[in-house]
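Asks:
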Amino acid sequence: MEFTKMHGLGNDFIVVYGEQELPLNASELAVRLCNRFFGIGADGLVYILPSDVADFKMRIMNSDGSEAEQCGNAIRCVAKYVYDHGYVTEDKITIETLGAGAQQVQLQVKDGNVEKVTVDMGEPMLDGVQIPTTIQANPVVNQPIDANGQQFHFTAVSMGNPHCVIYVKDAVSFDLGTWGPALEVHPYFPKKVNVEFATVQDRSHVDMRVWERGAGPTLACGTGACATLVSSVLNGTTDRSAWISLKGGDLFIEWNEDDNHVYMTGLASVVYTGKIEV
Ligand SMILES: N[C@H](CCC[C@H](N)C(=O)O)C(=O)O
Numbered sequence: 000m001e002f003t004k005m006h007g008l009g010n011d012f013i014v015v016y017g018e019q020e021l022p023l024n025a026s027e028l029a030v031r032l033c034n035r036f037f038g039i040g041a042d043g044l045v046y047i048l049p050s051d052v053a054d055f056k057m058r059i060m061n062s063d064g065s066e067a068e069q070c071g072n073a074i075r076c077v078a079k080y081v082y083d084h085g086y087v088t089e090d091k092i093t094i095e096t097l098g099a100g101a102q103q104v105q106l107q108v109k110d111g112n113v114e115k116v117t118v119d120m121g122e123p124m125l126d127g128v129q130i131p132t133t134i135q136a137n138p139v140v141n142q143p144i145d146a147n148g149q150q151f152h153f154t155a156v157s158m159g160n161p162h163c164v165i166y167v168k169d170a171v172s173f174d175l176g177t178w179g180p181a182l183e184v185h186p187y188f189p190k191k192v193n194v195e196f197a198t199v200q201d202r203s204h205v206d207m208r209v210w211e212r213g214a215g216p217t218l219a220c221g222t223g224a225c226a227t228l229v230s231s232v233l234n235g236t237t238d239r240s241a242w243i244s245l246k247g248g249d250l251f252i253e254w255n256e257d258d259n260h261v262y263m264t265g266l267a268s269v270v271y272t273g274k275i276e277v
C-alpha cells in the first residue's frame with residue numbers, strides 16, 4: 000500500500016489515495032499502522048475516496064481504530080494532497096465528510112505551492128441531545144462535570160464530532176493525562192468526546208491543549224480549535240474570530256455571524272511518501 004505521511008500542526012496522518020471505498024479492514028489497519036513503535040506512527044489513517052456530492056470524500060480512522068465523523072487538520076491535508084497531485088486544477092475544491100457533508104475548501108497557493116488552507120467547517124451543533132450529550136440544554140454552556148474527584152465546568156459543541164471545552168488557569172501546562180481519559184469516556188457523552196482545555200489570553204487569542212477521542216493527546220485538533228472558538232463566543236470571552244494556539248501551532252478560526260458557518264485557516268504539510276505491506 001502506497002501512503003503519504005502528512006500533518007496539520009503536528010497532528011499527523013497516514014494518507015491513502017486510490018481506494019474506491021473504505022476498506023473493510025480499515026479499523027484494524029488504523030490500529031496497526033498508527034502504532035508509533037510497530038507501525039508507521041500517526042494520530043489517524045485517512046482515505047481519500049470518490050464522492051457523489053463533492054470533488055472527493057474523506058474518511059478518517061483514529062489510531063484506536065474508531066472512525067471519526069470529521070477532522071479539521073486532516074481535511075487541510077487532503078486538500079493539499081489532491082492539489083499537489085494535480086487531481087484538481089482549481090484552488091477551490093469540495094471535500095465530503097460524514098459529519099459535515101460537502102465542505103468548501105479554499106487553497107492559498109503561491110508559485111504553485113499550497114501555503115495555507117481555509118476550510119468551511121459548517122455550522123456548529125449546539126443542541127445537547129444532538130451533539131450528543133445526555134444534557135437537555137441548547138446550548139450546553141458552563142455545565143458542571145466531575146472527573147476523578149475534580150469538578151470542572153464545560154461547554155459542549157459538535158463540529159460533526161463531539162467536543163467538551165473546559166477553561167483552566169494555564170492550558171499550556173495542564174496535565175492532560177490525568178483528566179483527559181476520564182472525561183473522554185464520561186457518561187455525559189454517549190459517543191465519547193474530544194476534550195479541549197483552554198485559557199483565554201484576550202478576545203482574539205486562546206491557548207488550547209487537547210485530549211482527542213480515540214487518539215489521546217495530539218499536538219493539534221482542527222475541530223477542537225473550532226469548538227473552542229464557538230465555546231468562547233458562547234461564554235462571552237472572545238470575539239467571533241480568534242487565533243487558537245495549540246502545541247503544534249496556531250489556527251485562525253472565525254464563526255461567521257451571517258451564515259453561522261465556522262471557518263478554519265491553517266497549514267498542511269507533507270513529511271514523506273512510502274509503501275508498506277498490509
Ligand atoms: N479524534 C477526533 C477525530 C480527529 C479530529 C482532529 N484531529 C481534528 O483535527 O479535527 C474524533 O474522534 O472526533
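Quick note: the sequence shown uses numbering that gives the first Met the number 0, first residue 0, plus one each step. For every residue, glycine included, the Cβ atom is placed at its ideal position computed from N, Cα and C. All of these numbers come straight from a predicted model, not from anything done at the bench.
#1: Less than 7 Å separating the Cβ of T117 from some heavy atom of ligand 1?
#2: Could you tell me which whole beta strand (DSSP E) segments of length 3 or greater appear in the segment 101 to 164?
#3: Does DSSP classify K274 as helix, strand or coil?
#4: What residue from F36, L28 and K91 has the CA that sits closest to A53's CA?
#5: Only counting the same chain, and skipping five residues up and downstream in sequence, which positions put a Cβ closer than 6 Å to that of I47?
#6: So, do the segment 66 to 84 and the segment 93 to 104 have three or more beta carbon pairs nearer to each other than 8 Å?
#7: Select from P138, L28, M124 and G176 the residue whose C-alpha is nearest the C-alpha of R212.
#8: Taking 7 Å as the line, does the beta carbon of T222 fall inside it for any heavy atom of ligand 1?
#9: Given this structure, state the Cα-to-Cα distance separating H204 from S244, to the nearest angstrom.
#10: Would you call L8 buried or exposed, if buried means 16 or more other Cβ atoms sit within 10 Å of its Cβ?
#11: Please report the residue range of the beta strand (DSSP E) in which I59 lies.
#12: S231 lies in the alpha helix (DSSP H); which residues open and close that run?
#13: So which of K190, L228 and F36 has the shortest CA-CA distance to F251?
#14: How close, in whole Å, do the beta carbons of E253 and W210 come, if the pair is a contact with beta carbons under 8 Å?
#15: Is N34 helix, strand or coil by DSSP?
#16: With DSSP as the reference, identify every bridge partner of E211, one or two as the case may be.
#17: Does DSSP put N72 in a helix, a strand or coil?
Replies: The answer reads as follows:
#1: no
#2: 112 to 119, 139 to 146 and 149 to 157
#3: strand
#4: K91
#5: Y16, F55 and V77
#6: yes
#7: G176
#8: yes
#9: 7 Å
#10: buried
#11: F55 to N61
#12: G221 to L233
#13: L228
#14: Actually they are not in contact, since the Cβ atoms of E253 and W210 sit about 25 Å apart, beyond 8 Å.
#15: coil
#16: G215
#17: helix
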